[in-house]
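To start, the structure under review is shown below, and the notes come after it.
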Amino acid sequence: MCVAGAISRARQLACYWQGLSQGKLAALVSGLASGCGILFHVMSATFGLTLLIQTSELVFTL
């Protein structure tokens, strides 16, 4: 299992626990917040790598 899978699994368990202890609305909010955070980080990493590749002269000379 990769690290991202372990983090995702841990977050799922946290959402389940939140749902059991605080109700469906809390679980829904927790799940949506996790999803938005993951999406933000993926988009940021993608954008950063794109800029790095575009500005790197070494990539285009190889």
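Numbering (the working numbering), first residue to last: 1 to 62.
Beta carbons are placed, not taken as given, at the ideal position from N, Cα and C, and that holds for glycine.
Non-local beta-carbon contacts of Gly19 in its own chain, meaning distances under 6 Å to residues more than five positions away in sequence, involve Ala27 in chain order.
Residue state for Ser34 is assigned as helix, using DSSP reduced to three classes. His41 and Ala33 have their C-alpha atoms spaced approximately 12 Å apart. At a Cβ-Cβ threshold of 8 Å, Ser30 and Ala14 count as neighbours.
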